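In what follows, a single structure is set out as structure tokens and then discussed.
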Amino acid sequence: DAPRLVANSSESFESRFTAVRIYESPAIMLKGMEGSVLGVHASHGEGRFIFPNPQVLNRIVKENLAPIRFVNDHGEPTEIYPFNPNSSQLGITALCDPTGRHLAFMEHPERTVLKRQWSHWPNYWETIKNSPWLKMFQNAREWCEKIKNRR
């Protein structure tokens, strides 16, 4: 009944720069990023989330546990290839647990942290020194420091 990762619908290894939207969720690493539509590297052969039990998928959606989804050119979640390189249901490419401490994200934001790693950097971002994905890693560091200081 649990969500599974299976082979991409294309039955091919997919490697591309694609767009995702970050949704409101308990995910600690995504705090302050909600509403962003960002490019990110996809690079996998088995990245399609499937949900054998529709009740599990409904719970995930209801509890905002699918914080990142592939989007089309209008910023809308999509299952359509090539916008969604693996055809995951509802465009889901990440899941988190209700505590927000665990995030399973199939794409590679670590390959998109520096400006020079982007295949396209919008002109209106010229004043930005690093990618918006850096926030994800800063959030993780801040959370770890906060936990460390509690001890």
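Mapping to the numbering used here: the sequence shown position 151 is 478, numbers consecutive.
Here a beta-carbon is modelled for each residue, glycine too, at the ideal position from N, C-alpha and C.
Here the structure is a predicted model, which means the values were calculated and not measured.
Here cysteine 471 is exposed: its Cβ has fewer than 16 other Cβ atoms, across all protein chains shown, within 10 Å. DSSP places isoleucine 349 in the uninterrupted beta strand (DSSP E) bounded by 341-349. DSSP, reduced to helix, strand and coil, places valine 333 within a strand of the structure shown. Within the same chain, Cβ atoms closer than 7 Å to the Cβ of aspartate 328 are found at Pro379, Asn380, Val383, the five residues on either side in sequence being excluded. The three-state reading of DSSP puts valine 388 in helix, counting H, G and I together.
Closest option to glycine 418, judged by alpha-carbon separation, among His435, Gly374, Leu461: Gly374. Burial check for lysine 462: the Cβ neighbour count within 10 Å reaches 16 or more, so the residue is buried.
Inclusion of serine 370 and glutamate 341 in the CB contact set at 9 Å is warranted, their separation being smaller than that value. DSSP places isoleucine 395 in the strand class (E or B) of the three-state scheme. CA-to-CA, the gap between asparagine 391 and proline 353 works out to about 7 Å.
A distance below 9 Å separates the beta carbons of asparagine 413 and methionine 433.
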